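Novice: Residue numbers (this note's numbering): 445 to 555.
Just so it is clear, CB atoms sit at the ideal spot from N, CA and C, and this is done for glycine as well.
Predicted, not measured: the structure shown is a model, and the values here were computed from it.
Sharing a structure, written as structure tokens. Questions coming.
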Amino acid sequence: VLPGAIGLLQTTEVIKLVLRHGDPMIGRLLLYDAMKMSFREVKVRRDPGCLLCGDQPSITELIDYKEFCNVPLPGEVLDTEFDESAYEISPVELKKTLQTEEETVLLDVRE
Numbered sequence: 445v446l447p448g449a450i451g452l453l454q455t456t457e458v459i460k461l462v463l464r465h466g467d468p469m470i471g472r473l474l475l476y477d478a479m480k481m482s483f484r485e486v487k488v489r490r491d492p493g494c495l496l497c498g499d500q501p502s503i504t505e506l507i508d509y510k511e512f513c514n515v516p517l518p519g520e521v522l523d524t525e526f527d528e529s530a531y532e533i534s535p536v537e538l539k540k541t542l543q544t545e546e547e548t549v550l551l552d553v554r555e
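In structure tokens form, the structure reads like this:
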């Protein structure tokens, strides 16, 4: 739920910027407490010493995303085939693993 809520807020901000309509959160930070279901807004001042947007920025180009994260870029065709079976387990295999290995973690990501 939390990623969906934050993603919706981020998408709304992008739409406001693209359409040049509304009041984007420039200079403001929105804090969201999911447990209290509350929002709080904080003003953010520009930092003149910021390496990205300060008076003398040293970060002037995008990083090599693939090298930085060691993952392919969105839409990039992989050189090797993706073996989906490495991320799947049968009920029989799971039972055997749970009985023989102490530190087994099963992450169920079914939709």
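Would the segment 471-485 count as touching the segment 446-454 if we require 3 or more Cβ pairs under 8 Å?
Specialist: Contact between the segment 471-485 and the segment 446-454 is present, with at least three C-beta pairs closer than 8 Å.
Novice: What do you reckon, are the CB atoms on Gly-471 and Arg-484 nearer than 9 Å?
Specialist: By 1-based counting over the sequence shown, the position of residue 471 is 27. By 1-based counting over the sequence shown, the position of residue 484 is 40. No. Outside cutoff.
Novice: By how many angstroms is the C-alpha of Val-549 removed from the C-alpha of Lys-539?
Specialist: Numbered from 1 along the sequence shown, position 95 holds the residue referred to as residue 539. Numbered from 1 along the sequence shown, position 105 holds the residue referred to as residue 549. C-alpha separation (whole angstroms): 12 Å.
Novice: Smallest Cα separation from Ser-502: which of Tyr-509, Asp-508, Cys-494?
Specialist: Taking the sequence shown and counting its residues from 1, the one referred to as residue 502 is at position 58. Nearest in C-alpha terms to Ser-502, of all of Tyr-509, Asp-508, Cys-494, is Cys-494.
Novice: Which class does Val-458 belong to by DSSP, given the choice of helix, strand or coil?
Specialist: Here residue 458 is taken as the residue at index 14 of the sequence shown, counted from 1. Correct three-state label for Val-458: helix.
Novice: Closer than 9 Å, CB to CB, is Leu-453 near chain D or not?
Specialist: Looking for chain D here will not work: only one protein chain is present.
Novice: Mind checking which residues open and close the beta strand (DSSP E) that includes Lys-487?
Specialist: Taking the first residue of the sequence shown as position 1, residue 487 is located at position 43. Lys-487 -> beta strand (DSSP E) spans 482-487.
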